[in-house]
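K.L.:
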Amino acid sequence: MVRIKQRYLLIHILYPCPTDPAAKISSKSQENALPDLVQFHRPSPDDLTPQLLVRTIRDQVLLLYGDYGLGLVSSSLIIKYLSTATSTAIIRCSRAHYRLVWAALSFMTQLPRMSKQEQPRDCAIQVVRVSGTIKKVEEEAIRRARVAILRAKREVGEESTNGLLGILVKDEEALQGGENMTAGSDVSDEQDEMGIDSDGDG
Amino acid sequence: MYYDLNVPYIANRGELQRTLAFLSERYNTIALDFAIIGKVPADTSNQIPTPLPFATPNSLRILRRCTIHLSDPSQNHRLKALSSAYDILAIRPDNEKSLQQACQALECDLISLDLSLRYPFYFKHQAMANALQRGVKFEISYGPGILNSDGGASRRHLISNATQLIRATRGRGIVISSEAKRALACRGPADVVNLAVLWGLGQDKGMEAVGNEARSVVVQAEMKRRSFRGVIDVVYGGEKSERVPENSAKGKQEKGKRKADVLEKNEAERVNATPKPISKREQKRQAKKARLDTGKNSQNSPKETSKGSVVLAEGAPTEDCPNGRSK
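If you're matching them up, the sequences are chains R and V in order.
For the first sequence, UniProt numbering gives the first residue as 1, with consecutive numbering after it.
For the second sequence, UniProt numbering gives the first residue as 1, with consecutive numbering after it.
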């Protein structure tokens with residue numbers, strides 16, 4: 001029997017903007033406390049559910065590719081895993097159209113807001129791994145989390161020696177996903193190489 | 001190594017710092033861009049302070065780049081003065097004429113069209129090829145399309161212009177950069193490559209656009225500014241370590257010895273030039289020759305063979321010589 005060919009995308013939801021605009025003025029003190037790495041990889045809001053994420057992606061595909069694109073993509077688009085604590089997700093889509101989904105993810109700049117009064121939640125979605133099997137994607141997610149912990153520990157050690165906060169940050173980071181980009185193609189060897197590089201840098 | 005050669009230099013320190021920190025996670029080299037719109041000011045010195053007034057990530061190499069918005073081709077832009085002040089000089093033509101001029105004549109490193117605008121003309125392959133031949137690359141800036149502040153128009157124009165540019169250049173000499181005024185508009189190299197693939201660039205060329213092509217822009221610009229006639233450059237090789245003199249003395253001795261050895265060897269070989277063992281083929285040939293010659297004049301043949309063998313013997317040491325020296 002012929003299998004239906006799938007692609008699994010491991011994504012990180014990054015938050016390049018500070019938590020709230022009011023904090024911008026006092027950002028100096030905040031930045032001293034939290035290294036940039038931890039800020040960018042902060043946990044997602046709790047109301048981000050797989051349903052919401054998939055709806056957001058669909059909206060984006062609809063915006064970019066119209067009904068045709070959504071028709072191609074929607075039948076196979078599923079969120080396999082979503083962790084708000086680490087802002088990591090695994091998305092499954094069909095192999096033929098994974099680039100459409102990926103482009104839609106790249107063009108996303110905001111998470112939908114829950115109420116109208118709320119500030120728009122700016123985010124950047126980064127695809128860190130594309131694979132044909134979910135197993136490799138899971139392994140990559142774990143590996144990246146491990147690297148991120150090490151890096152965050154080092155940064156915390158360097159930048160803020162504040163003990164309690166350091167521990168908090170470490171705990172937070174302990175759940176978080178990785179930090180570096182990869183080639184994002186489905187050539188796994190290439191990606192592994194990049195992964196090693198990133199270890200060396202970090 | 002990944003390059004992002006267009007990060008606008010903005011006065012907002014916090015935002016710029018954040019952008020740099022965000023980019024540093026995935027890129028190795030970025031270029032801060034200072035835009036000159038309209039007339040080139042009298043003061044052509046570098047407007048971007050070195051070092052930057054805030055802490056920058058250690059892993060990030062920061063270049064300084066200047067973009068001149070070119071609308072009137074007749075104007076004198078003092079490109080020479082500008083190009084010596086900045087690491088990279090880019091030109092942003094506004095209309096077809098200035099694009100043509102930038103492609104054909106102007107001394108710059110990059111042609112950076114503002115792809116979020118609509119151009120009422122086609123990009124011509126001939127002009128583009130001309131620029132590529134001169135080593136000038138084209139830039140695609142995806143930032144405005146991602147932020148999409150004007151309700152889809154800039155994104156649409158970005159896609160249409162990018163596909164046009166890729167068509168006109170046949171995918172050669174394209175550099176992709178962010179032009180991100182906010183950290184939000186930055187994307188990782190892989191995401192950018194994916195977009196490029198959708199715009200018709202191909203995976204490998206897309207990878208090159210954020211890697212090798214961009215690197216060649218940086219290196220070429222460097223060579224233009226520092227080197228002798230753009231060909232020879234003196235590279236700082238680092239301080240000599242302490243053990244170097246010891247080593248070099250040793251090396252010299254060894255080298256000297258070797259040279260002497262080689263010379264002695266050569267001379268010795270030349271003095272007692274023993275004929276090299278002749279190959280069977282040669283033997284047969286000579287035997288045949290001798291047989292033929294014996295019929296005509298029997299005196300010449302032994303001389304010839306001996307001559308042949310001497311030539312061979314002389315040939316052998318000269319072959320050894322380069323080997324000995326190179327070692």
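Glycine residues also receive a C-beta, built at the ideal position from the N, C-alpha and C atoms.
Excluding the 5 residues preceding and the 5 following Ser75 (chain R) in the sequence, name in chain order all residues of the same chain whose CB lies nearer than 8 Å to its CB.
P.N.:
Ser94
K.L.:
Under 7 Å, Cβ to Cβ, is there at least one residue of chain V near Gly178 (chain R)?
P.N.:
Caution applies to Gly178 (chain R), whose pLDDT of 38 falls short of 50 and renders its modelled position unreliable; the model cannot decide the point.
K.L.:
Any beta carbon from chain V within less than 7 Å of Asp122 (chain R)'s own beta carbon?
P.N.:
yes
K.L.:
Along the alpha helix (DSSP H) that carries Cys103 (chain V), what are the first and last residues, could you check?
P.N.:
Glu96 to Gln104
K.L.:
Are the stretch 69 to 79 of chain V and the stretch 89 to 96 of chain V touching by the rule of at least three beta carbon pairs closer than 8 Å?
P.N.:
yes
K.L.:
Which word fits Ser83 (chain V), buried or exposed, when buried means at least 16 other C-beta atoms lie within 10 angstroms of its C-beta?
P.N.:
By the neighbour-count criterion, in which 16 or more other beta carbons inside 10 Å mark a residue as buried, Ser83 (chain V) falls on the buried side.
K.L.:
Is there at least one Cβ from chain V nearer than 7 Å to Asp67 (chain R)'s Cβ?
P.N.:
no
K.L.:
Could you spell out the range, first to last residue, of the beta strand (DSSP E) harbouring Leu100 (chain R)?
P.N.:
Counting along the chain, Leu100 (chain R) falls outside any beta strand (DSSP E), though it belongs to the alpha helix (DSSP H) covering Tyr98 to Ser106.
K.L.:
Measuring only the C-alpha atoms, how far is Ile68 (chain V) from Val210 (chain V)?
P.N.:
22 Å
K.L.:
Should Asp122 (chain R) and Leu184 (chain V) be called a contact, given that it needs their Cβ atoms to be closer than 7 Å?
P.N.:
If you check the CB distance, Asp122 (chain R) and Leu184 (chain V) come in under 7 Å.
K.L.:
Quick check: is the beta carbon of Ala21 (chain V) nearer than 7 Å to any beta carbon in chain R?
P.N.:
yes
K.L.:
Given a cut-off of 7 Å, decide if Lys137 (chain V) and Gly173 (chain V) are closer than it, judged by their beta-carbon atoms.
P.N.:
yes
K.L.:
State the Cα-Cα distance for the pair Val229 (chain V) and Ala221 (chain V), rounded to the nearest angstrom.
P.N.:
For clarity, residue 229 (chain V) is Arg in the given sequence; the question names Val instead. Their backbone Cα atoms lie some 12 Å apart in a straight line.
K.L.:
Is Arg129 (chain R) closer than 7 Å to Leu10 (chain R) when the C-beta atoms are compared?
P.N.:
yes
K.L.:
Residue range of the beta strand (DSSP E) that Thr29 (chain V) falls in?
P.N.:
Residues Thr29 to Ile36.
K.L.:
Residues of chain R with CB under 8 Å from Asn194 (chain V), in chain order?
P.N.:
Near Asn194 (chain V) (Cβ distances below 8 Å), the residues of chain R are Arg99, Trp102, Ala103, Ser106, Val127 and Gly184.
K.L.:
Answer with buried or exposed for Ile140 (chain V), where buried requires no fewer than 16 other C-beta atoms within 10 angstroms of its C-beta.
P.N.:
buried
K.L.:
Work out the CA separation of Gln126 (chain V) and Ser98 (chain V) for me, nearest whole Å.
P.N.:
15 Å
K.L.:
I'd like the list of long-range same chain contacts for Tyr65 (chain R), defined as Cβ closer than 7 Å, with 5 residues on each side in sequence excluded.
P.N.:
Leu100
K.L.:
Can you pull out the residues from the stretch 173 to 199 of chain V whose beta carbon lies closer than 9 Å to at least one beta carbon of chain R?
P.N.:
Within the stretch 173 to 199 of chain V, the residues whose Cβ lies closer than 9 Å to some Cβ of chain R are Arg182, Ala183, Leu184, Ala185, Cys186, Arg187, Gly188, Pro189, Ala190, Asp191, Val192, Val193, Asn194, Leu195, Val197 and Leu198, listed in chain order.
K.L.:
Below 8 Å on the Cβ atoms is my guess for residue 227 (chain R) versus Leu72 (chain R); work out the distance and round it to an integer in Å.
P.N.:
With chain R represented from 1 up to 202, any question about residue 227 (chain R) goes unanswered, as that position is not in the structure.
K.L.:
Grab me the residues of Asp233 (chain V)'s own chain with a C-beta within less than 7 Å of its C-beta, minus the 5 sequence neighbours each way, in chain order.
P.N.:
Met223, Arg226 and Ser227
K.L.:
List the residues that DSSP assigns as beta-bridge partners of Gln126 (chain R).
P.N.:
Looking at the DSSP output, Gln126 (chain R) sits in a beta bridge with R:His12.
K.L.:
I'd like to know if Thr56 (chain R) contacts chain V, where contact means its C-beta is closer than 7 Å to some C-beta of that chain.
P.N.:
no
K.L.:
Where does Gln75 (chain V) land, buried or exposed, given buried means 16+ other C-beta within 10 angstroms?
P.N.:
exposed
K.L.:
Measuring CA to CA, which of V:Asn95, V:Ser112 and V:Asn130 is closest to Tyr122 (chain V)?
P.N.:
Residue V:Asn95 holds the alpha-carbon nearest to the alpha-carbon of Tyr122 (chain V) among V:Asn95, V:Ser112 and V:Asn130.
K.L.:
One question on the structure: do Ser87 (chain R) and Ser131 (chain R) come within less than 7 Å of each other, judged by their Cβ atoms?
P.N.:
no
K.L.:
Against chain R, which members of the stretch 14 to 48 of chain V pass a CB distance test of less than 7 Å?
P.N.:
Flagged, chain order: Gly14, Arg18, Ala21, Phe22, Glu25 and Arg26.
K.L.:
Going by C-alpha to C-alpha distance, which of R:Pro35, R:Met108 and R:Arg146 sits closest to Ile125 (chain R)?
P.N.:
R:Met108
K.L.:
Got a sec? Which residues, its chain only, sit under 8 Å from Asn130 (chain V) by beta carbon, not counting five neighbours each side?
P.N.:
Cys103 and Gln104
K.L.:
Could you tell me if the beta carbon of Arg226 (chain V) falls within a distance shorter than 6 Å of some heavy atom in the ligand ADP?
P.N.:
For the structure depicted, the ligand ADP is absent and the ligand set is empty, with no information on it obtainable.
K.L.:
Would you call the CB atoms of Arg65 (chain V) and Asp33 (chain V) closer than 7 Å?
P.N.:
yes
K.L.:
Using a 10 Å radius around the Cβ and a threshold of 16 neighbouring Cβ atoms, would you call Pro49 (chain V) buried or exposed?
P.N.:
exposed
K.L.:
Is there a Cβ from chain V that is less than 7 Å from the Cβ of residue 205 (chain R)?
P.N.:
Missing from the structure shown is residue 205 (chain R); chain R here goes from 1 to 202 and no further.
K.L.:
Taking Cβ positions only, does Pro16 (chain R) come closer than 7 Å to chain V?
P.N.:
Yes, contact with chain V.
K.L.:
Step through the CB atoms of chain B and report whether any lies within less than 7 Å of the CB of Asp59 (chain R).
P.N.:
This model lacks chain B altogether, as its protein chains are R and V.
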